[in-house]
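Number of protein chains: 2
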Amino acid sequence: MATIEPLVVPMTPDAPEACGFSPCEGGVCAAVGMRAAGVSAGFRKNPNRYDLALVVADETCVVAGTFTTNRFCAAPVTVSRERAARGRARAVVLNSGNANAATGEPGLACALKATALVAAELGCEPEEVLVASTGVIGVQLPLEPYVSGVPAAVAALAPTAAAAHDAACAVMTTDTRPKEVALVGALPSGRRVHVGGFVKGSGMIQPNMATMLAVLATDAPLTEGAARTALRSAVGESFNKVTVDSDTSTNDTCLLFATGAAGGEKIDGSSPDYPVVAAALRSACIDLARQIAADGEGATKLVTVNVMGAANEKDADTVARSIANSPLVKTAVFGHDANWGRVAAAAGKCGVAFDQACVDIDFLGVPVCRAGLTVPMDEDEMLRRFEAPEIEITVNLGAGEACGRVWTCDLTHDYVTINGDYRT
Amino acid sequence: MATIEPLVVPMTPDAPEACGFSPCEGGVCAAVGMRAAGVSAGFRKNPNRYDLALVVADETCVVAGTFTTNRFCAAPVTVSRERAARGRARAVVLNSGNANAATGEPGLACALKATALVAAELGCEPEEVLVASTGVIGVQLPLEPYVSGVPAAVAALAPTAAAAHDAACAVMTTDTRPKEVALVGALPSGRRVHVGGFVKGSGMIQPNMATMLAVLATDAPLTEGAARTALRSAVGESFNKVTVDSDTSTNDTCLLFATGAAGGEKIDGSSPDYPVVAAALRSACIDLARQIAADGEGATKLVTVNVMGAANEKDADTVARSIANSPLVKTAVFGHDANWGRVAAAAGKCGVAFDQACVDIDFLGVPVCRAGLTVPMDEDEMLRRFEAPEIEITVNLGAGEACGRVWTCDLTHDYVTINGDYRT
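Taken in order, these protein sequences are the chains called A and B.
For the first sequence, position 393 matches number 392 in numbering that gives the first Met the number 0, and the numbering has no gaps at all.
For the second sequence, position 39 matches number 38 in numbering that gives the first Met the number 0, and the numbering has no gaps at all.
As structure tokens, this is what we get:
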């Protein structure tokens, strides 16, 4: 039998090196002009756990945001969406332990008061302060933890890696680890800039809610328009390509602060520096997105689903998402089973047109299906490859040139335990 | 506090009594003119398990079928879809243990030979014989079990409840029990008719495949057009409203034989008898569909998701399906948790328009959310209600008059075990 070549997916590389950047220290504070803090304010019962994060720019600066599309959206999303649309802000205050969702008018009032408290401490307008929450829904968010916690957080603000780390820890819920990124690199203009940030997200959060909150910052002097475009594009190729359990939260929020501290001319969409900053932001967001998938509730594996040979990008995304959301594919990965039949069934069910006789599938770089038929494989070798922390599934639909990618994780007993614990 | 009334869903009743029918014995053989058999033919390694079912009409009669929409469709689906479209058939042969899917030309040849073997034994044309398969995919289906098994099944054919039961058992895979239904009732014309059948389906089947196979029969003398219309409508309100794991199989097949043995004038769509037969068929299919959901892989609960107050039926179905497929809702049911936040998030994420401030939600007839806000409930009483085998979740979107319903099951540790067992 002739050797069958594995599939090669034609995609832009994700590594920061591809755009001339490299990892550095500092998280969201890697961006010059940003300070952060994480404190224990009392939103959670456990006093040893940070639950209030504050991220502040030294001066009011450019900001861009993307938010949940869920019809049920939380009070802080309503507030921050409107304020981020103004294009400039000074700070964001985040809490864990309570999502302030399905809380009606009192919830909205609480979110507004929280931003007013921060504004009073920082000496800025309330409209320049954004807010985000994650945790239980349907329970009114108390104001008291803000009253004592905001001054404490302002006092703790620092432009350091440790402070950024504290902020990243303060937004964790079922996350098993904080998730940070920081990159540094030179732009074509010669300016040295940073992109940093943190994210939380691990599926849905006990006992009620899913949330992904991300705060990113750069010292590149992006214009408001450039910040918005770069963020939207980066989110589209990173956080929007992650699915832990197919559930979109009521609180999803992703913010980008651009302090401009790197100096020099403003960078708009036509600047030669723009594509490089945008690529670095994309790389940073993909890094965080992969951290979310790898830390999915109960996950033992990060799963990357690549689809190539689709008629268009929408088809590629639909098929990749259908495979990534299939409980049968996810349990097969948990079971170290290169079960291409489940992948094929998931690809075939989502309404995208292709010919089953043209479909090729690889698991972990090993051809398992060619032209819709089983390819004999070395089962022992496949089991050895399944020991890796990351499982790559690649499907060629043979229907065109477009490709797409989605990250997910396996579906395990621990997912059921985390989300199905008896409520007593 | 004033008592909050539970939601009342305006839907056609499902019980056979609603159309003047009542349960009877006989399964698919309840329809006069039908015979069935189940034998062990060797498709499975276990010789004590039936794996070949044969269902035969005494004479060639009206037939209608609905089939999977999956792009990956199995060889028997290709054969049966074409033959059922002719509107008349004599028999269907079904096997478990191998789905004959992703088997290319050899698979197609095997399916055709199987029908030829049955035709030779029965003395009819091969084109009058349909075929269905369920089990592993990507593995060639051997012909040998048909060669010995078909004559044995023909010899065992009987018009009895026991024979119908054998057939129902022969198509089981991960099903934990056979699933049958039989109804009897009088039509407006005075004729006494029967509707009976069996189904298999339990999620996806080890190690590779999902399949729902259903065979229904009636002795009402439906015309080809009436049989097609009644079956399509009944399937739309029953099997197409079941989701165990959101995965559509490559082999789904549902057939209706109408023997006409009840005699009298043919029943077409304009006959006063038609709506009654159609209602009985709908009732029978809903009974079988609920049996599938209740026997979903690893399920401990049947879950009925009702959506009312939608702008249109499509919206109601989309929201109901989004809730029924949410792993977070399904694990919450497993955990006896009336977690309406997860239901709200699932409703909100699917692109259907509604105002969160107009949403009401009940769990098991207990109001838990009104106008998008939490309703205090008696947690002990709710936990008591969760002991029931069936969990009803009702959502009023407050956006219109349309309603819809989907059946599913909870997501449990056993689901992960069944589908994630290490392949070694």
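All residues carry an ideal CB built from backbone N, CA and C; glycine is no exception.
Identify every residue that forms a DSSP beta bridge with residue i.
i, result
"B:Phe425", "What the structure shows of chain B is the stretch from 0 to 423, and residue 425 of chain B is not part of that stretch, so it cannot be assessed."
"B:Thr252", "B:Phe66 and B:Leu212"
"B:Thr303", "B:Glu391 and B:Trp406"
"B:Leu372", "B:Arg369"
"A:Val38", "A:Leu51"
"B:Arg191", "B:Ala185"
"B:Leu221", "B:Ile266"
"A:Met381", "DSSP lists no partner for A:Met381."
"A:Ile360", "A:Cys368 and A:Val394"
"A:Ala14", "DSSP, once it has assigned bridges, lists no residue as partnering A:Ala14."
"B:Phe20", "B:Gly184"
"B:Val241", "B:Trp406"
"A:Ala401", "A:Ala309"
Ordered along the chain, which non-local residues of its own chain (more than five positions away) have a Cβ less than 6 Å from that of residue i?
i, result
"B:Asn338", "Ala331"
"A:Met0", "The predicted model places A:Met0 with a pLDDT of 48, which falls under 50 and marks its position as unreliable; any figure quoted below should be read in that light. If we look at A:Met0 and ignore the five residues flanking it on each side, it has no Cβ neighbours."
"B:Ala151", "Val38"
"B:Gly200", "Met211 and Ile291"
"B:Ala293", "Leu301"
"B:Val304", "Ala319, Ile322, Ala323, Ile392 and Val405"
"A:Glu389", "Leu301"
"B:Arg190", "Ala261 and Gly263"
"B:Asp218", "Ala30, Val31, Gly32, Val192, His193, Thr258, Ala260 and Ala261"
"B:Gly86", "Glu223"
"A:Tyr145", "Ala113 and Leu116"
Tell me whether the beta-carbon of residue i lies closer than 8 Å to the beta-carbon of residue j.
i, j, result
"A:Leu215", "A:Ala131", "no"
"A:Pro95", "A:Thr133", "Note on residue identity: the sequence assigns Ser, not Pro, to residue 95 of chain A. Closer than 8 Å, so yes."
"A:Ala309", "A:Gly195", "no"
"A:Val54", "A:Ala35", "yes"
"A:Ala84", "A:Ala56", "no"
"A:Ala160", "A:Gly26", "yes"
"A:Ala261", "A:Val192", "yes"
"A:Asp272", "A:Pro187", "yes"
"B:Met10", "B:Arg369", "no"
"B:Ser21", "B:Thr252", "no"
"A:Leu182", "A:Ala283", "yes"
"B:Val394", "B:Ala346", "yes"
"A:Ala279", "A:Pro15", "yes"
"B:Ile417", "B:Gly297", "yes"
"B:Pro158", "B:Met33", "yes"
"A:Ala166", "A:Ala52", "yes"
"A:Gln355", "B:Arg82", "no"
"B:Phe256", "B:Cys60", "yes"
Between which residues of its own chain and residue i is the CB-CB distance below 8 Å, once the five residues before and five after are set aside?
i, result
"B:Arg341", "Ser325, Leu327, Val328 and Ala331"
"A:Val415", "Gly297"
"B:Leu107", "Ala74, Thr77 and Val78"
Can you list, in chain order, the residues of its chain with a C-beta nearer than 7 Å to that of residue i? Leave out the 5 residues immediately preceding and following it.
i, result
"B:Leu410", "Pro326, Lys329, Thr330 and Phe333"
"B:Lys240", "Ala288, Arg404, Val405 and Trp406"
"B:Val234", "Thr65, Cys253 and Cys284"
"B:Gln139", "Thr102, Pro105 and Gly106"
According to the neighbour-count rule (16 or more other Cβ atoms, all chains shown, within 10 Å of its Cβ), is residue i buried or exposed?
i, result
"A:Arg227", "buried"
"A:Gly350", "exposed"
"B:Gly19", "exposed"
"A:Val117", "buried"
"A:Lys44", "exposed"
"A:Arg383", "exposed"
"A:Lys313", "exposed"
"A:Asp361", "buried"
"A:Ser269", "exposed"
"A:Ala352", "exposed"
"B:Asp379", "exposed"
"B:Val7", "exposed"
"A:Thr242", "buried"
Report the start-end ranges of each beta strand (DSSP E) in the stretch 47-134 of chain A that is 3 residues or longer and not cut off at the edges. 51-66 and 87-97
May I have a chain-ordered list of the beta strand (DSSP E) segments no shorter than 3 residues that lie completely inside the stretch 252-301 of chain B? 252-257
What are the uninterrupted segments assigned as alpha helix (DSSP H) that are 4 or more residues long and contained completely in the stretch 152-177 of chain A, given in chain order? 160-169
Which full runs of the alpha helix (DSSP H) of 4+ residues lie inside the stretch 300-357 of chain A, going along the chain? 312-324, 326-333 and 339-347
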